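Peer 1: The following block contains the structure, expressed as structure tokens.
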Amino acid sequence: MIAEKTYLIPTSASEAIEMAKANLGAFKYLAGGTDVMVNRFQGNEESPCLIDISKLDELKGIAKDEAFLKIGALEILEELKFNEDLKASFPMLIEAALTVGAPLLRKTATIGGNVLCENRCLFYNQSEWWREAVGYCLKCDGDICIATQGKNACFSELVSDTAPALIAMDAEIEIVDVDGVQRVPLESIYTGDGVAPRNLSATAILTAIYLPLNREFKTAFYKLRERESLEFTSLTTAVAIDKNGKLKIALSGVDPKPVVVEGSVSDDKASLIKQAIKGSRAVDNDMYSRKYRREMIGVYLNRSFDNLKI
Amino acid sequence: MEIIKLTVNEKEYQVIVKPHDTLAKVLREKIHLTGTKIGCEQASCGACTVFVDGKAVQSCITPALRVAGSVITTIEGVADQNKLHKLQDKFVEKGAIQCGYCTPGMIMTSLDFLEENPTPTTTEIREALSGNLCRCTGYVKIIDAVEAYVKDEKAEAKEASKFNMVGKGRPYIEAKKKVQGAADYADDIQTKNALFTKFVRSTHAHAKINKIDTSKAEAFPGVRAVLTGEELPVKFGVLPISQDERAMAISKTRYIGEIVVAIAADTEEIATEACKLIRIDYTPIRPFFDMKEACEDVGEDEQIHSHCKFNNNIHKKAELRFGDQQDGLTKAAHKLKVDFDFQGINHGFTEPHAATASWDENGLTIITATQVPHYLHRYLAKVLEVPMNQVRVIKPTVGGGFGGKSDPFPHEMIIAHLSRKLGQPVKMRFNREEVFLTNHGRHPTTMSMEMGVSDDGIFEVLDADIIIDGGAYGSFGVVTSYYNGVLLQAPYKIDNFGFRTRRVYTNKPQCGAMRGHGAVNSRYAVETIIDRLAVEIGMDPCEMRLKNFLDEKSLTVGQYRITSNGSVESLKAVMERSQWAEKFKKLPEGHGIGVACGFFISGSALPIHWNEYPQSVVHLKVDLDGRVLVTSGASDIGQGSDTMLAIIVAEVLGLSLENIFVVAADTTLTPIDLGSYSSRVTFMAGNAAKQAAEKLKEKVLDAVAKLHDVDKTELNFQNEKVFSNDGKIDLTWTEAIENATRKVGALNTSGAYNSPKLGGDFKGAGAGLSPSYSFGAVITEVKVDVATGHVKVVDIWGAHDAGKALNPLAVEGQLEGSWHMGLGQAVSEQMKFRDGLLVNGNLVDYKIPTSKDTPPIHTNIIETIDPEGPFGAKECGEGAIHPVIPAVANAIYDAVGVRVTSLPINSEEVLKEIKKKQLEPVN
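Protein chains in written order, with the working numbering: chain C, 88 to 397; chain E, 24 to 946.
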């Protein structure tokens, strides 16, 4: 009477994709599992088939690859800090990784998993019973957004801390699925729709992240959270400027997708901040109010610009 | 189903697992290694940490199949046979273990991190442990223990402390068991053939139940019983005057989360699935969420409880007035009236409620995580409609309470009934969401407080008008109503004093007693107003407080008898330690220091049940083996009461703890103690134990003196010996017992504690009466980010008059835990509701401060030797929480010049006030 469940452990990406094909619509990939397993406990994730990709060695390792540093998607968040190349060229990624959850969690969580972690909302990341009590929202087959009390769009937040850091530094990702391998800018995978926040195909696996070398990034990173540990973000700001004066801002925690503003170090800062705030569709679905989180975008970005002396 | 091989603690297991089982479940339920604890099931507390192939993981989110074939180490595998790991030794020695529920996870996480970084700084330790929540210790002693281990500190010489027990810091008697994961908490106890119960909870805040369709659930294979409220119609409630709750909702529901159906099934999974098949048809009734709205008249059939006196939802009105407040207000040179608003908070103990019930020829036995076995005993008998002699309540090791396990609970009634009905043991455990829904936490409160002082800073008048949000049922609420007011009549002398409290029913989970019961929010109001008044008259706030403290051996305006009083010493201690004079008003912008004081009861002089039975009884028995059996109903919930009893008995009889054996909190085996609440246990059970020990001493004295023909006054009890002044009689303890048991057999004595008659003869005079009061002071230093409003508490100096610290290590632990809990209420914790639905019922969104958020805590025990406390002791478990919260608020004022009149003091509110102030014209 209780539905049959399976747990599959492929040893190669191609095998994983075959397994995914065979379980289309009924599976979930699991890397570190720190996000998926919690969502399963809450009933936010109920796939009968789990495909554990944590043993795919081809998804591990950090190495230079032409003009890029290639970071395997299964690299452990807490271990990024030991990598000399990251330390030298992309310390913001380490900084971002070390703000995720708590150290204990980061010893299991992977960079790929964090980039792809599920969007969150105070009115969605709850038990099955709770969501029934509130009246199911758009993200769980309901009719309206509960957070906004009636809008016909889902505003669950992107809560990855590493994604904005990566995007600010023009990261690309490598995706493998039934159609083969492709490499795209990380920011191109987001839909802006909280119900289905990414446009990846059903069988897609994020295999690696590429960060461009030789850009000499200077960066600033902030995360808004009540406690100094054990927190999802309420606003993450990542700012990077490269040797040519290109400036890129990426935010998470204030929209279903990353909010990205590009410009140059010589641009009017107030105008950049205005663009960032305007691009953020934050709603009251967090322990901090929408108003405060939007206000903090300006505070954090100003602080970032000060740190970067621009 | 799959069979996997695991090597756990060097032993090989083959276990059958379901595909999506977690490692935590397999370890606990299949391999029966229950040292690995479950606190949240969402990787947000760290209690379940184990090693997989040498690396720490949170087993609650680790799929079992992922680790098939792996080598696993759990807490049970850390010690080398019976030799503790050195880190475990340090946890024991440093008093890092209170309730012990977080301990296994803390040890595993620490070991893992120390492998990577063997010589960490304190900051690095705080960082490393910041995914492991502890609610008892404020992390102070845990960090001490890790540091001592890192430095390979030698254990302090113990010879001096083996005897003369009182006043020497020592680990809890059960600490070794806890540090090895061997202590049994309610959910760890395996019972043969037990069924599992899950609950269907109301999705409506206030609704008529039209129909419950249980048919599909009943037909579900493996379901043994589907229970609805009609089978348990008898009302209960911890207070005899508030019998307003039933085990399950009958005919209507009063909050989202109330239990409507319970299902007992062969497994937890089956019960969970069957719960989804229940269909309930409701007709909503107008819900009440707002305290003020609940005070107003309501329409027909809209009342939450029909027994409310008038046509509103007011549960209790308490009002007392002393002196002449009008006159006081007229005369006061400076007065201030401020409105406050406080969110509710939850106890946040790390062990979720769990229980197992079974019946045999002796009736019911229930093993349950409770602070009040005796009250549960009474109400199980009442609700199950059986005599008390058919009910036995056993408290196992409990993973923290703080008031959250101090009521008899519906789940206890339900499983007791189901077990009776099905003839099989029945167990249950809550998940964290259910813990939050069950609540009984601190009442959300709104109040208006007015105070007046003279030009020279003497308090002239205090008036408070308070509404507290009780939620759907009574719990301790009548007491809470009084405590919000009456506990303002100290620690300062205020002759014109009055208050009115209204406790209202609303359609939310009920509120009840929580550490510092009733007086925490109103203390915040008073202490922050004092700070404002001090600014107004240009007086140092410490000086102002020093001018107003009550004297020792005095009466308050409401006739509380103050015996010992360490207010002055406490305040002076923290002023000195914090370098108050050098810092106050002198720190740079954004950086400030603040002070506050407080006091609390050492147990209530008037018991809840008005009878002549003593508040606590302790029995002792000693036989030829010489070991003194102490039996007491007192409930150790991590605060160390078992150890306290042992220390007292050992002290009186000149014994070491090896000759004491404590059996506690089993209603069949132990004499009644009213429970672990209102900070009563050390004072009351301690006194009962002392009396019992003195009687036992007398018996031994009599026998030895008679047998050896020596005067009793010539004999001494020390170092496990009974000897005469001239040395001619020199008996070991066992020889003395052999002497004393001749012809009479085992010796038994009983000690009891009865409060003296205290207080006035007006209505409400009994509220807050206590045989003794504790006093204390806290100074905190904060840094405020003026651009974000974020407050970082950077130091806490606390002092608390505990009378006499029977076990200083335990007293420090209680104080540090109180200050840490207060820190949480001050800056981060709240229960956030939307339309009666709790939106943050988990340990990610309910923000208990982590080790990184907790500043260094500097602890000062003040000893005033209470004339009636056992060896001079009084309470230390609750009172310390009062001053810390307003001390943070006052420090924020010193830092940035703004006042926040709500709790928690969130960044947003601070920023709003900072901006408001920036707009003010500068004078």
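All C-beta atoms, glycine included, are put in the ideal place defined by N, C-alpha and C. On a predicted model such as this, the values are computed, not experimentally measured, just so you know.
Check whether the segment 862 to 876 of chain E touches the segment 145 to 152 of chain E, counting contact only when three or more Cβ pairs, one atom from each stretch, lie closer than 8 Å.
Peer 2: Touching, per the Cβ criterion.
Peer 1: Is the Cβ of Leu146/C closer than 9 Å to any Cβ of chain E?
Peer 2: Judged by the 9 Å Cβ criterion, Leu146/C is not in contact with chain E.
Peer 1: With a threshold of 16 other CB atoms inside 10 Å of the CB of Glu182/E, please say whether the residue is buried or exposed.
Peer 2: Interpretation of Glu182/E is limited by its pLDDT of 49, a score under 50 that renders its predicted location unreliable; no figure is taken from the coordinates.
Peer 1: Who are Arg302/E's beta bridge partners in DSSP?
Peer 2: Paired residues: Asp236/E.
Peer 1: Mind reading off the beta-carbon distance from Asp868/E to Met124/C? Whole number of angstroms is fine, and I expect it under 8 Å.
Peer 2: The pair is not a contact, with the Cβ atoms about 18 Å apart (cut-off 8 Å).
Peer 1: Measure the alpha-carbon distance for Ser184/E versus Lys191/E and round it to whole angstroms.
Peer 2: Note that Ser184/E has pLDDT 48, beneath the 50 cutoff, so the model's placement of it is unreliable and the number below is only indicative. Cα to Cα, Ser184/E sits roughly 6 Å from Lys191/E.
Peer 1: Give a yes or no on whether 9 Å exceeds the smallest Cβ distance from Ser655/E to chain C.
Peer 2: No, Ser655/E does not count as interfacial toward chain C.
Peer 1: Could you check the C-alpha separation between Ser545/E and Ser587/E for me, to the nearest Å?
Peer 2: Approximately 24 Å, taken between the alpha carbons.
Peer 1: Rounding to the nearest angstrom, what Cα-Cα distance links Ile301/E and Ala513/E in this structure?
Peer 2: Taking the straight line joining both Cα atoms gives about 53 Å.
Peer 1: The beta strand (DSSP E) spanning Tyr796/E covers which residue range?
Peer 2: Where Tyr796/E is concerned, the enclosing beta strand (DSSP E) stretches over Tyr796 to Val807.
Peer 1: Helix, strand or coil for Cys232/C per DSSP?
Peer 2: Here Cys232/C sits in coil by DSSP.
Peer 1: Within 9 Å of any Cβ in chain C, is that where the Cβ of Leu156/E sits?
Peer 2: Answer yes: the Cβ-Cβ gap between Leu156/E and chain C drops below 9 Å somewhere.
Peer 1: Enumerate in chain order the residues of its own chain whose CB-to-CB distance from Gly245/E is below 7 Å, with the five nearest sequence positions on each side excluded.
Peer 2: Taken in chain order, the residues that qualify are Ala288, Asp289, Thr290 and Ile293.
Peer 1: By how many angstroms is the C-alpha of Val850/E removed from the C-alpha of Leu926/E?
Peer 2: Roughly 7 Å separates the two Cα atoms.
Peer 1: Whose C-beta lies closer than 6 Å to the C-beta of Gln269/C among residues of the same chain, with five residues either side of it excluded?
Peer 2: Hits under 6 Å: Ile262.
Peer 1: Would you mind reading off the limits of the alpha helix (DSSP H) that contains Phe114/E?
Peer 2: Its alpha helix (DSSP H) spans residues Lys109 to Glu116.
Peer 1: Would DSSP call Thr176/E helix, strand or coil?
Peer 2: According to the sequence displayed, residue 176/E carries Glu and not Thr. Residue state, collapsed to three classes: coil.
Peer 1: Anything in the segment 28 to 53 of chain E with a Cβ closer than 8 Å to a Cβ of chain C? List those residues in chain order, please.
Peer 2: Flagged, chain order: Lys41, Pro42, His43 and Thr45.
Peer 1: Between which two residues does the beta strand (DSSP E) harbouring Asn739/E extend?
Peer 2: Counting along the chain, the beta strand (DSSP E) containing Asn739/E begins and ends at Leu738 to Gln741.
Peer 1: What does Asn863/E touch in chain C if you count any residue whose Cβ is under 7 Å from its own?
Peer 2: Those are Met374, listed as they occur along chain C.
Peer 1: Roughly how many whole angstroms lie between the Cα atoms of Glu574/E and Phe706/E?
Peer 2: It is Asp, not Glu, that sits at residue 574/E in the sequence shown. Cα to Cα, Asp574/E sits roughly 21 Å from Phe706/E.
Peer 1: Indicate whether at least one CB of chain E lies closer than 9 Å to the CB of Met383/C.
Peer 2: True, the Cβ-Cβ gap to chain E drops below 9 Å.
Peer 1: Looking at chain C, is there any beta carbon in it that lies within less than 9 Å of the beta carbon of Ala183/E?
Peer 2: Caution applies to Ala183/E, whose pLDDT of 49 falls short of 50 and renders its modelled position unreliable; the value that the coordinates give is listed next. For Ala183/E, the answer is no, since every Cβ of chain C falls outside 9 Å of its Cβ.
Peer 1: Taking only the alpha-carbon atoms, compute the straight-line gap between Asn710/E and Ala825/E and give it to the nearest angstrom.
Peer 2: If I take the Cα positions, the gap works out to 15 Å.
Peer 1: Applying the criterion that 16 or more other CB atoms from any shown protein chain within 10 Å of the CB defines a buried residue, is Phe210/C buried or exposed?
Peer 2: It counts as buried.
Peer 1: Residues in its own chain within less than 7 Å of Ala763/E by CB, not counting five upstream and five downstream?
Peer 2: Around Ala763/E: Lys722, Val723, Ala726, Val727 and Leu770.
Peer 1: Taking just the CA atoms, how far does Val352/C sit from Ala160/C?
Peer 2: Cα to Cα, Ala160/C sits roughly 31 Å from Val352/C.
Peer 1: Note the first and the last residue of the continuous beta strand (DSSP E) segment covering Ser471/E.
Peer 2: Looking at the DSSP string, the run of the beta strand (DSSP E) that includes Ser471/E is Thr468 to Val476.
Peer 1: Alpha carbon to alpha carbon, how far is His540/E from Ser590/E? Give it in angstroms, no decimals.
Peer 2: C-alpha separation (whole angstroms): 20 Å.
Peer 1: Would you call the CB atoms of His881/E and Ile937/E closer than 9 Å?
Peer 2: It is not a contact, given that the beta carbons lie outside the stated cut-off.
Peer 1: Please classify Asn394/C: does DSSP put it in a helix, a strand, or coil?
Peer 2: Three-state DSSP puts Asn394/C in a helix.
Peer 1: Can a CB atom of chain E be found closer than 9 Å to the CB of Lys174/C?
Peer 2: Closer than 9 Å: no.
Peer 1: Along the alpha helix (DSSP H) that carries Tyr547/E, what are the first and last residues, could you check?
Peer 2: Element bounds for Tyr547/E: Val543 to Ile560.
Peer 1: Reducing DSSP to helix, strand and coil, say where Asn913/E ends up.
Peer 2: Of the three classes helix, strand and coil, the one that applies to Asn913/E here is helix, per DSSP.
Peer 1: Identify every residue that forms a DSSP beta bridge with Phe372/E.
Peer 2: Per DSSP, none; premise fails for Phe372/E.
Peer 1: Should the segment 353 to 367 of chain E be called in touch with the segment 41 to 56 of chain E, which here means at least 3 C-beta pairs below 8 Å?
Peer 2: Not touching, per the Cβ criterion.
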